[in-house]
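Q: Residue numbers (UniProt numbering): 1 to 343.
Please see the structure below; I have some questions.
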C-alpha cells in the first residue's frame, strides 16, 4: 500500500473527526466534548491518538490502515521544538513534511539495535492470537475497543520491526561512520539587507545546495533564529542569531537553499527599517557614538550648546525633557523682552 504523506494524513484526519469552533486553531471532537488547540508547529498526533483510543468504532478501514502506517514511525520519535529520535537522540527536520525524513533516518540507524529477536516475534504473534480470541468472546463495546487498540499496537510493533530489518546493513554502517566524523562549526559571519517588511540574512557555504533537503534546518522564535546545516564536508554548521532588533512573524519567516548560499527571510511584525540585525549590535554602536559634540576652533559655541541640549532632550527621561522645555520657553520669553540669555 502506498504511503500517505504525513501532513496530508493529519489534515484529512482533523477534517473528518473534528469541527472548527471559535478561532482559527480551536477544534472539537465530533464524537465527544473534547476540545483541542491545534497551533502551528506543534505535535498534532494527539488528534489521531484521541480518536483511536476513545472512538475506534468511528474509524473506516482506510483510516485504520493509514493509522497503522504512521504509528509504525511515530512510536520512534518525540516532537518538541525539534523532532527527537527515541532510539539515538538525533534531531530531525522540524516541520510537517518530516515523514520521509523520519523514515530515512530509521533506515540509517538499523545497526544501532535490532527491533525484535525471533523469540520476541513469536511472543507478539501469540499475544495477538490470544487477544483476538478474547475479542471474539467479549460482549461489551468498551472491552472490544480496548482489545482492538492493543491488537493494533502489537501489529504496529511487528510492522516497524520488519521495516527496519529489511534494510541493507552495509549502507547503514557507512552512514554511521560518516556521521561520527562530523564536527560542529559555529558561523559568525553573514550578510544582510532589508525592506520595510523583510530582513534577509545571507550565509555563504560552498556546495550547500548539494545536500539533501532535510540536512538544512532553521527554527524561528519571535526574537531569534537558529540555523543548522548537517554533514557538509564532514562538518555540522550552526548559526544562532538571538535578540533580534524587533519581533518577527514566525509563520511567514522561511529559508531557501540556493547555489552555495542559504537565504533566511525574516518577516517583520511591524513594517519599519531596522538599524541593525540585533539589539546587541545597536547598543554597541550607540555606546561608540560621542555623548557630547566636539568643539573645534571654528565651531560656534552657541550651536554646539544647542546640539548638546537637543541630545539631552532626546536621550532624557520625562522629567529631564520637562526641565529642558521649561528653560527653553523662559529663554525665548526673555529674548522677546529684550533680555539677554541667562544660563
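The beta-carbon is built from N, C-alpha and C at its ideal position, and this holds for glycine as well.
(1) So, helix, strand or coil for residue 12, using DSSP?
(2) Nearest to residue 230 by CA position, among 205, 34, 242, 241, is which residue?
(3) Taking DSSP as the reference, what is the three-state secondary structure of residue 326?
(4) Taking the straight line between their C-alpha atoms, what separation do you get for residue 65 and residue 283?
(5) Keeping to the same chain, check which residues put their C-beta closer than 7 Å to that of residue 222; ignore five residues upstream and five downstream.
(6) Would you say residue 305 and residue 262 are within 8 Å of each other, going by their C-beta atoms?
(7) Rank 184, 56, 27, 193 by C-alpha distance to the C-alpha of residue 142 and give the top, closest one.
(8) Could you please give the first and the last residue of the uninterrupted beta strand (DSSP E) stretch that includes residue 275?
(9) For residue 169, does the count of other Cβ atoms within 10 angstroms reach 16, so buried, or fall short, so exposed?
(10) Between the Cα of residue 240 and the Cα atoms of 186, 38, 136, which residue gives the shortest distance?
(11) To the nearest angstrom, report how far apart residue 276 and residue 153 are at their CA atoms.
(12) Please list the terminal residues of the continuous alpha helix (DSSP H) segment that includes residue 46.
(13) Which residue comes first and which comes last in the beta strand (DSSP E) that contains residue 202?
(14) I need the DSSP call for residue 253, collapsed to helix, strand or coil.
(15) On the three-state DSSP scale, how would you describe residue 223?
(16) Which residue from 159, 224, 279 puts its Cα closest to that of residue 253?
(17) Grab the span of the beta strand (DSSP E) containing residue 26 for me, first residue to last.
(18) What first and last residue would you give for the beta strand (DSSP E) that runs through residue 264?
(19) Work out the CA separation of residue 309 and residue 279 for me, nearest whole Å.
(20) If you reduce the DSSP assignment to three classes, tell me which class residue 236 lands in.
(21) For the beta strand (DSSP E) holding residue 88, just list the boundary residues, first then last.
A: The relevant details are as follows:
(1) Helix at residue 12.
(2) Shortest Cα-Cα distance from residue 230 to any of 205, 34, 242, 241 involves 205.
(3) Note: residue 326 maps to helix in three-state DSSP.
(4) Linking residue 65 to residue 283 through their CA atoms gives a straight-line distance of about 57 Å.
(5) Closer than 7 Å at Cβ, skipping near neighbours: 247, 248, 250.
(6) Note that the C-beta distance between residue 305 and residue 262 is not below 8 Å.
(7) The option with the nearest alpha carbon to residue 142 is 56.
(8) Premise fails: residue 275 is in no beta strand (DSSP E) and is neither H nor E.
(9) Reliability fails at residue 169, whose pLDDT of 46 lies under 50, so the model's placement of it is uncertain and the value that follows must be treated cautiously. Classification for residue 169: exposed.
(10) Nearest of 186, 38, 136 to residue 240, Cα basis: 186.
(11) Going by the C-alpha atoms only, they are around 53 Å apart.
(12) 45–54 is the span of the alpha helix (DSSP H), which, as asked, contains residue 46.
(13) Where residue 202 is concerned, the enclosing beta strand (DSSP E) stretches over 198–204.
(14) Here residue 253 sits in coil by DSSP.
(15) If DSSP states are grouped into helix, strand and coil, residue 223 belongs with coil.
(16) Check the Cα spacing between residue 253 and each of 159, 224, 279: the tightest is with 224.
(17) Its beta strand (DSSP E) spans residues 26–29.
(18) In the DSSP annotation of this structure, the continuous segment of the beta strand (DSSP E) that includes residue 264 starts and ends at 261–267.
(19) Rounded to the nearest angstrom, the two C-alpha atoms are 26 Å apart.
(20) Three-state DSSP puts residue 236 in a strand.
(21) For residue 88, no beta strand (DSSP E) encloses it, and the DSSP letter there is neither H nor E.
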